[in-house]
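Engineer: Numbering (this note's numbering), first residue to last: 44 to 619. In this text, a Cβ means the ideal position worked out from N, Cα and C, and glycines have one as well. Handing you this structure, nothing more for now.
Below, the structure written as structure tokens:
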């Protein structure tokens, strides 16, 4: 090693192995090792610090790894890799493959701050938000990828780390941008976002599809604990026009947001595409595991199980693709944990965490400071008065159907919401969606009108249908902007069923003047069940808690849930 008066900085990948302990800063580096220690370190001098460098060089080392980091980042190790063995978990992927998924580290200050709090005795709340993949579609006899990540983090970090899966199938990021408050707990420390395959491809960036995604990022970054937001880019090999198209997703557009906000990114295709092309076991894409109807074929499943990556043409298989996505998600957290044992959190990083967000990347795309989605217990807080209306559950205890119900003409309820938009265009109206029950039994009509602050054209809500179904629907109407918009709902004498029952379950407000609503009554119905259940009442929606309370899980065919016996576990557990 050349002589130098300064301390030597480590600027290559460090691999964290079992029974190796680090304490203090780099110039107080201590290591306790078995016969196998760290991979070889390349030591590089820096003039910024003075102290003991020789102690680093004299530690036990073995053969070097090939991937090295050539740059320094604020005087810290730029990359530390956790390669520890876990007590009972068997890795599906190789460490080097998991590292290839980390295509953009971003600014890691928030991630390191979150893990640092955990290391000092605080809880670590890791949240996953997305659509059907995150919710567990394809995880028929395996786990949804957030729960693979949970198993790994629990074995490595301990029980103080917990996973909250707020995903709902069949949703876009525009839905989550409006209803994030119903899905993401305020105590979130790390948030993984998975919308690369959900949001449609667009020609330009500044449009009604990409704008909500940026607002969602900004809202999550502004949560109380300043969480790290990490983009997870799923990949779809199968396409109607051509197989294995590398670029055909929103990943490139989302990458620009990641660069602008210094977010970390995980890419399935960056790590797995070449393995898919080669047909390696676990990554095979010559066919899906499920057949065209989403069913296992017993005669050939032995040749597919644990070999093919996808369950169907979109969703990964629970034993391979989902496991891979869980592993790359957990790895980035474990690496941060290992890195903090080498280089403690700095005051500079703490300052970065608390810095204000930059202006929006897209023109005037400011996030709303007020909540826009009110379902279940949260809806109760938006009610001003409700004489002759009763808030009650018409469903079963494990599958609740809460809402405000009235069955007498002239019964009136008032709701207060903030309809202002932070994106400008104050002269444009926003979209309000009222969630109501539409059924073939005893349903009546109600008049909906704006009575204070805001204005709107009166609307008629008709809850009666001749179809033999009972589902939540959305009544959409345009409203002027006001910070205290009072909307009244009055039961009418007129009725097409001979009865007058009206049930209101919630209300949502669009974020942008001239913008559209969420247009997803199925998601609202599922959300209402989840936040009102005995398992998750009073907290944000969690897909696993919802599945356990309702006795349902995703089936192998589509984005809906199938009925299962009540004692069947949710998508966080294996279904053999």
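(1) Got a sec? Which residues, its chain only, sit under 6 Å from residue 411 by beta carbon, not counting five neighbours each side?
(2) At what residues does the alpha helix (DSSP H) containing residue 41 begin and finish?
(3) Have a look at 454, 525, 543, 230 and flag the residue whose alpha-carbon is nearest the alpha-carbon of residue 488.
(4) Assuming residue 159 is part of the alpha helix (DSSP H), what are its boundary residues?
(5) Taking the alpha helix (DSSP H) that residue 198 belongs to, which residues open and close that run?
(6) Please name the residue in 530, 560, 196, 537 whose C-alpha comes closest to that of residue 429.
(7) Roughly how many whole angstroms lie between the Cα atoms of residue 305 and residue 401?
(8) Tell me the rounded alpha-carbon separation between residue 419 and residue 259.
(9) Quick one: using the 10 Å Cβ neighbour count with 16 as the cut-off for buried, is residue 413 buried or exposed?
(10) Can you tell me the Cα-Cα spacing of residue 63 and residue 390, whole angstroms?
(11) Here's a check: name, in chain order, each residue in its chain whose Cβ is nearer than 6 Å to the Cβ of residue 160, leaving out the five neighbours to either side.
(12) Mind checking which residues open and close the beta strand (DSSP E) that includes residue 170?
(13) With a threshold of 16 other CB atoms inside 10 Å of the CB of residue 249, please say whether the residue is buried or exposed.
(14) Measure how close the beta-carbons of residue 289 and residue 321 come, nearest whole angstrom, since I'm counting them as under 8 Å.
(15) How many angstroms separate the CA atom of residue 33 from the CA atom of residue 443?
(16) Under the three-state reduction of DSSP, which class applies to residue 416: helix, strand or coil?
(17) Determine whether the beta carbon atoms of residue 277 and residue 147 lie at a separation below 7 Å.
(18) What would DSSP say about residue 235, mapped onto helix, strand or coil?
(19) Taking the continuous beta strand (DSSP E) assigned at residue 436, which residues delimit it?
(20) What number of angstroms, rounded off, separates the C-alpha of residue 372 from the C-alpha of residue 145?
(21) Rounded to whole angstroms, what's the CA-CA distance from residue 370 to residue 468? Just pull it up for me.
(22) What does a CB cutoff of less than 8 Å around residue 286 pick up in its chain, not counting 5 residues either side in sequence?
(23) With a cut-off of 8 Å on the beta carbons, I'd call residue 561 and residue 221 a contact; round off their distance for me.
(24) Taking a contact to mean a Cβ-Cβ separation below 7 Å, would you say residue 582 touches residue 522 in this structure?
(25) Could you pull the DSSP bridge partners for residue 520 from this structure?
(26) Rounded to whole angstroms, what is the Cα-Cα separation between residue 516 and residue 132?
(27) Mind reading off the beta-carbon distance from residue 298 to residue 308? Whole number of angstroms is fine, and I expect it under 8 Å.
(28) So, at 6 Å on beta carbons, what are the nonlocal neighbours of residue 231 in its own chain, with the 5 sequence-adjacent residues on each side left out?
(29) Go ahead and pull the three-state DSSP assignment for residue 382.
(30) Since residue 570 is in the beta strand (DSSP E), which residue starts that stretch and which ends it?
(31) Roughly how many angstroms lie between the CA atoms of residue 460 and residue 526, to the nearest whole one?
(32) According to the Cβ coordinates, are residue 381 and residue 125 closer than 7 Å?
(33) Beta carbon of residue 588, beta carbon of residue 361: below 7 Å?
(34) Using the beta-carbon count (16 or more within 10 Å), is residue 451 buried or exposed?
(35) Give the secondary structure of residue 255 by DSSP, where H, G and I count as helix, E and B as strand, and everything else as coil.
(36) Rounded to the nearest angstrom, what separates residue 364 and residue 325 at their Cα positions?
Structural biologist: By the coordinates alone:
(1) 465, 554
(2) For residue 41 there is no data in the structure shown, the boundaries of the chain being 44 and 619.
(3) 543
(4) 152-162
(5) 188-200
(6) 530
(7) 11 Å
(8) 22 Å
(9) exposed
(10) With a pLDDT of 38 at residue 63, under the threshold of 50, the modelled position of this residue cannot be trusted; read the value that follows with caution. So the two alpha carbons sit approximately 26 Å from each other.
(11) none
(12) 167-173
(13) exposed
(14) Going by Cβ atoms, the distance from residue 289 to residue 321 rounds to 15 Å, so no, they are not a contact pair.
(15) What is shown of the chain runs 44 to 619, which leaves residue 33 out entirely.
(16) strand
(17) no
(18) strand
(19) 433-436
(20) 9 Å
(21) 44 Å
(22) 280, 328
(23) 6 Å
(24) no
(25) 475
(26) 44 Å
(27) 7 Å
(28) 168, 170, 266, 270
(29) helix
(30) Not the beta strand (DSSP E): residue 570 falls in the alpha helix (DSSP H), residues 564-575.
(31) 7 Å
(32) yes
(33) no
(34) exposed
(35) helix
(36) 8 Å
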